[in-house]
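Colleague: Quick one: this structure, given as structure tokens, is what I'll be asking you about.
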Amino acid sequence: MSLLKSNAKTLWQYITAFWSHSIRRQLLLSFGLLIILVMLSFSCVMYVHQKEFLYKTDTERAIGLVTALAASSSALVLANDVPGLQKILNGFAKLPDIKSAMLISARGELLAASGSVGKQTDISTKLAWFKFSPKHEINILANNLTLVDVAIPIASDAKSGAWARVELKRDLSNSNLQQLKWTGVNYSLFALVASFLLSALLAWRLTRRLYQLTEVTLSIEKGQRDVRAEVVAHDEVGQLGKRFNHMLDTLSYSERELSRMNRLYAAWTESSEIIVRQKNPSLLLSNICQILANRVPFELAWIGVPGQDDCVEKVAYGGVSTAYLDNVKISLDASKQESRGPVAKVLRTGTYQLINHFLPIVSCWQSVCLYRSVFGRA
Numbered sequence: 001m002s003l004l005k006s007n008a009k010t011l012w013q014y015i016t017a018f019w020s021h022s023i024r025r026q027l028l029l030s031f032g033l034l035i036i037l038v039m040l041s042f043s044c045v046m047y048v049h050q051k052e053f054l055y056k057t058d059t060e061r062a063i064g065l066v067t068a069l070a071a072s073s074s075a076l077v078l079a080n081d082v083p084g085l086q087k088i089l090n091g092f093a094k095l096p097d098i099k100s101a102m103l104i105s106a107r108g109e110l111l112a113a114s115g116s117v118g119k120q121t122d123i124s125t126k127l128a129w130f131k132f133s134p135k136h137e138i139n140i141l142a143n144n145l146t147l148v149d150v151a152i153p154i155a156s157d158a159k160s161g162a163w164a165r166v167e168l169k170r171d172l173s174n175s176n177l178q179q180l181k182w183t184g185v186n187y188s189l190f191a192l193v194a195s196f197l198l199s200a201l202l203a204w205r206l207t208r209r210l211y212q213l214t215e216v217t218l219s220i221e222k223g224q225r226d227v228r229a230e231v232v233a234h235d236e237v238g239q240l241g242k243r244f245n246h247m248l249d250t251l252s253y254s255e256r257e258l259s260r261m262n263r264l265y266a267a268w269t270e271s272s273e274i275i276v277r278q279k280n281p282s283l284l285l286s287n288i289c290q291i292l293a294n295r296v297p298f299e300l301a302w303i304g305v306p307g308q309d310d311c312v313e314k315v316a317y318g319g320v321s322t323a324y325l326d327n328v329k330i331s332l333d334a335s336k337q338e339s340r341g342p343v344a345k346v347l348r349t350g351t352y353q354l355i356n357h358f359l360p361i362v363s364c365w366q367s368v369c370l371y372r373s374v375f376g377r378a
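Counting from 1, one number per residue, gives the positions in the sequence shown under this note's numbering.
Laid out in structure tokens, this is it:
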């Protein structure tokens, strides 16, 4: 018993894991099983209703046949015209699904039948039908999956009365039901395959962008911080991808800013250490420029002071674009174009200047700066 419970628990855990580990699998199974359940339910309901209709039709047909037999043979029974009765029964034998049609006397003798005459019937009730049944009452002797057996009295006189009896097979109805059953099975199998294909397509379309988001997260986890989700729709998944990209952009910006602040802090810390150790002013300024160029990093870091002829004299510099300084002349004379840059303005006004893109007023240095890959100054 404990082993059975353990196996049942293990099976349930396996089913739960199989179900819960994939949204695509849940959509596929849910949609597919729902469609096949609907198709099976519809097929079963149709089969039951069709079976009831066909069996009811067979019963009504048997009652109609036995009633017609009783009406057409009543006069011949009273006249005891056996050949005439047999002729009527021979006509009934040609009807579809007729197993037998017979006329039985009150004494239990077989007056006429479709195929045999003058034989004693094997029916146990015999005369009891006539004695205990009201006149013209229809008696359904059998009504099962294969046969409908109906009898009706022809006359109420026990001496001259008789019974009309018809046995109707259900072969045609059962054949139609069998055909309906296999048709339902085939349609259900077709619906099963079609539903799983359709649900697989829908599940793939609904979840492929979720899987794309998963791939993006895996790429980012591996260090590819520039990967972004592809937003191709404006539905819920599209909005999720858009917000996901915005979150990644925000995180990337925060990381860049944090990295920049860390580099600036490292440059400031190292510069502070140099200030404490280095006593030579020229070497101190040169070391600070080199630290800024290496740590931040800057393409060029330099220090200038007012020199002779109202020009800025370079006293320290560092970076990969130091050759830029060889081709630049900065004047403090406000009437000259070389004095319109940020360095001259800082020395004249005592405030800082920041330029991210070159303006026409400093076009005299623009070609040199672009050649040396210098795009902004502070």
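Cβ coordinates follow ideal geometry from the N, Cα and C atoms, glycine included.
#1: Under DSSP, the beta strand (DSSP E) around Pro-306 begins and ends at which residues?
#2: Alpha carbon to alpha carbon, how far is Lys-99 from Arg-165?
#3: Which residues share a DSSP beta bridge with Trp-182?
#4: Could you give the first and the last residue of the continuous beta strand (DSSP E) run that contains Asn-143?
#5: Exposed or buried, which one is Ala-158 when buried takes at least 16 other CB atoms within 10 Å?
#6: Might you give, ordered along the chain, the residues of its own chain that have their beta carbon closer than 6 Å to the beta carbon of Arg-228, omitting 5 neighbours on each side?
#7: For Glu-313, I'd like the list of residues in its chain whose CB is within less than 8 Å of its CB, leaving aside the five on either flank, ordered along the chain.
#8: For Gly-238 and Val-231, what's the separation of their Cα atoms in angstroms?
#9: Output needed for Thr-121: all residues of its chain with C-beta closer than 8 Å, excluding positions within five of it in sequence on either side, in chain order.
#10: Within 10 angstroms of the Cβ of Asp-58, are there 16 or more other Cβ atoms? Answer buried if so, exposed if not.
#11: Which one of Val-315, Leu-347, Leu-37 has the shortest CA to CA distance from Phe-190?
#12: Any contact between the region 58-67 and the region 141-156? By contact I mean 3 or more CB pairs, one from each, below 8 Å.
#13: Comparing alpha-carbon positions, which option in Ala-106, Asp-97, Ala-93 lies nearest Ser-114?
#14: To the nearest angstrom, how far is the alpha carbon of Asp-326 from that of Val-315?
#15: Nearest by alpha-carbon distance to Ser-252: which of Lys-169, Leu-292, Ile-220, Val-45 is it?
#16: Would you call Arg-170 buried or exposed, if buried means 16 or more other Cβ atoms sit within 10 Å of its Cβ?
#17: Going by DSSP, what residues sit across from Trp-163 in a beta bridge?
#18: Contact defined as beta carbons within less than 8 Å: I believe Gln-86 pairs with Ala-112. What is the distance between those atoms, to the nearest angstrom?
#19: Identify every residue that forms a DSSP beta bridge with Tyr-317.
#20: Distance check for Val-148 and Ala-162, CA to CA, integer angstroms please.
#21: Using the C-alpha atoms, what's the distance from Trp-204 back to Ser-259?
#22: According to DSSP, which residues form a beta bridge with Leu-168?
#23: Mind checking which residues open and close the alpha helix (DSSP H) that includes Ala-70?
#24: Have a look at Glu-167, Leu-192, Pro-96, Gln-50 and flag the residue whose alpha-carbon is nearest the alpha-carbon of Leu-29.
#25: Check whether the Cβ of Asp-235 lies closer than 6 Å to any heavy atom of the ligand HEM, and answer yes or no.
#26: Locate the alpha helix (DSSP H) running through Leu-284, then write down its first and last residues.
#27: Compute the Euclidean distance between the alpha carbons of Gly-118 and Val-82, then round it to the nearest angstrom.
#28: Which ranges does the alpha helix (DSSP H) cover as unbroken runs of at least 4 residues, wholly within the region 232-273, from first to last along the chain?
#29: Counting C-beta neighbours from all protein chains within 10 Å, is the total for Thr-10 16 or more, i.e. buried, or is it exposed?
#30: Taking Cβ to Cβ, would you say Ile-291 is nearer than 7 Å to Glu-257?
#31: Measuring alpha carbon to alpha carbon, tell me which of Ile-88, Val-216, His-234, Arg-208 ends up nearest Ala-71.
#32: If we call anything under 7 Å between Cβ atoms a contact, is Ser-195 one with Ile-23?
#33: Please list, in chain order, all residues of the same chain as Ser-286 whose beta carbon is under 8 Å from its beta carbon, the five residues on each side excluded.
Modeller: Walking through what the data contain:
#1: 300-306
#2: 11 Å
#3: None, per the DSSP bridge assignment.
#4: 139-143
#5: Reliability fails at Ala-158, whose pLDDT of 48 lies under 50, so the model's placement of it is uncertain and no value is given.
#6: Asn-245
#7: Gly-304, Val-305, Pro-306, Gly-307
#8: 5 Å
#9: Since pLDDT at Thr-121 reaches only 44, below the 50 mark, its modelled position is unreliable, and no value is offered.
#10: buried
#11: Leu-37
#12: yes
#13: Ala-93
#14: 13 Å
#15: Ile-220
#16: buried
#17: Ile-104, Pro-153
#18: 4 Å
#19: Trp-302
#20: 20 Å
#21: 40 Å
#22: Ile-98, Val-148
#23: 23-78
#24: Leu-192
#25: Judged by which ligands are present, the structure shown has none, so any question about the ligand HEM falls away.
#26: 281-295
#27: Annotation note: pLDDT 38 at Gly-118 (below 50); position unreliable, no value reported.
#28: none
#29: exposed
#30: no
#31: Ile-88
#32: no
#33: Ala-316, Tyr-317, Gly-318
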